[in-house]
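For the sequence shown, my numbering gives the first residue as 8, with consecutive numbering after it. Virtual Cβ for every residue (Gly too), placed ideally from N, Cα, C. Remember, it's a predicted structure, so these values are computed and weren't measured experimentally. One structure is given here, and the rest of the page talks about it.
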Amino acid sequence: MHNLGGTRSSQQPNHLLLTADTFVRTTLPGMKACSAIVHAGPALGAQFTEYTAEFEPGGELGGTSAQRFIFVIEGRVTLEVKGKSKQLGARSYACLPEGLQHRVTARKVSRVAVIEKAYQPLDSVKAPGLIISNEDALSSHPLGDDPSLQVKCLLPDEMSFDFAVNTMVYQPGAALSMVEMHVMEHGLIMLEGGGIYRLGDSWYPVTAGDFIWMGPWCPQWFGAIGKVPAKYLIYKNWN
Ligand code: UGY
Ligand code: MN
């Protein structure tokens with residue numbers, strides 16, 4: 008049915024909600040048999056770039072001059088780096104330091120969240136090395152004292168990392184205990200379930216597949232609604 012121009016997507020000065028019905032695909036330089044849904048980038052005012060890469064069989068990601076974080080949402084990709092080849096299935100991820108030559112290819116249809124950010128070095132802190140892991144291998148901790156809201160930190164809590172990527176799982180009915188306002192910006196992909204996201208002075212229904220950008224100090228709150236847990240992958244600039 009025609010939606011008569013209606014969508015949940017919304018662009019505001021300090022936040023952006025992108026829903027699947029408004030996704031436009033493009034090919035980024037170097038991509039082969041692969042397209043990108045660009046969610047956030049400098050054109051928006053963000054200090055990082057985030058996109059979902061959709062691979063066809065034989066697909067390949069282009070290069071980047073920035074550090075790159077990849078998280079496999081669906082399918083399987085091959086990461087070739089430092090002379091080794093690693094298979095990354097669902098929920099596997101890698102964090103590739105700036106300047107590290109690598110290839111990301113897929114033999115079957117796959118979807119990968121990609122985050123790229125120019126590294127901001129700190130005096131006397133060594134830049135981080137390569138990280139390859141799977142979310143399933145990590146243990147979670149409650150946010151604050153709420154066991155119904157579990158966080159997994161995908162990157163080590165070390166000053167060498169200038170960003171963090173976490174997954175957050177809310178049991179139905181669980182919510183952030185406060186409206187957060189902070190200097191860090193966020194890029195968020197809803198992976199499962201849904202609920203209500205407060206962004207600025209608006210409350211949005213959100214569901215799996217949506218993307219949200221939150222600018223610095225954007226008022227933010229989430230409550231999970233539905234019969235299944237809500238889960239999202241969230242980036243923030245850090246340290
Ligand atoms: O890490 C965070 O700032 C996180 N609690 N924010 C969010 O879920 N919107
Ligand atoms: Mn936050």
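Please work out which residues of its chain come closer than 6 Å, Cβ to Cβ, to residue i, disregarding the five sequence neighbours upstream and downstream, and give them in chain order.
i: F218; result: L25, H46 and I196
i: V186; result: P226 and W228
For residue i, name the three-state secondary structure that DSSP assigns.
i: D153; result: strand
i: L24; result: strand
i: T71; result: coil
i: A125; result: coil
i: E187; result: strand
i: A97; result: coil
i: A60; result: strand
i: T14; result: coil
i: A134; result: coil
i: T29; result: helix
Thinking just about the alpha-carbon of each residue, which of the options is nearest to the one in residue i?
i: P236; options: P223, G194 and A182; result: A182
i: A53; options: I80, A60 and N21; result: N21
i: R83; options: V172, R118 and R110; result: R118
i: F76; options: R205, V111 and P49; result: V111
i: I44; options: Q74, L35 and P212; result: L35
i: K238; options: P179, G222 and W224; result: P179
i: K115; options: G151, Q157 and P64; result: P64
i: S92; options: E165, E123 and I139; result: I139
i: Y58; options: D130, S209, V121 and N173; result: V121
Cβ of residue i within 8 Å of Cβ of residue j?
i: F62; j: A113; result: yes
i: P154; j: P135; result: no
i: H109; j: L86; result: yes
i: G233; j: G207; result: no
i: L240; j: F30; result: no
i: H193; j: Y242; result: yes
i: Y211; j: R32; result: no
i: C41; j: G12; result: no
i: V213; j: G202; result: yes
i: C102; j: L162; result: yes
i: K124; j: L145; result: no
Would you kindly report the start and end of the unbroken beta strand (DSSP E) that includes residue i?
i: S165; result: Here the sequence assigns Glu to residue 165, which means Ser is not the residue at that position. Per DSSP, E165 belongs to no beta strand (DSSP E) and is neither H nor E.
i: W220; result: F218 to M221
i: I49; result: A small fix is needed here, since residue 49 is Pro in this sequence, not Ile. It is not in any beta strand (DSSP E) - P49 carries neither H nor E in the DSSP assignment.
i: W210; result: S209 to T214
i: L195; result: H193 to E199
i: K89; result: Careful: K89 lies outside any beta strand (DSSP E) and carries neither H nor E.
i: W228; result: Q227 to A231
i: P112; result: The residue asked about is misnamed: residue 112 is Thr in this sequence, not Pro. Note, T112: beta strand (DSSP E), H109 to A113.
For residue i, I'd like the list of residues in its chain whose CB is within less than 7 Å of its CB, leaving aside the five on either flank, ordered along the chain.
i: G216; result: A27 and M197
Using a Cβ-Cβ cutoff of less than 8 Å, which residues in the same chain neighbour residue i once the five nearest sequence positions on both sides are dropped?
i: K133; result: S167
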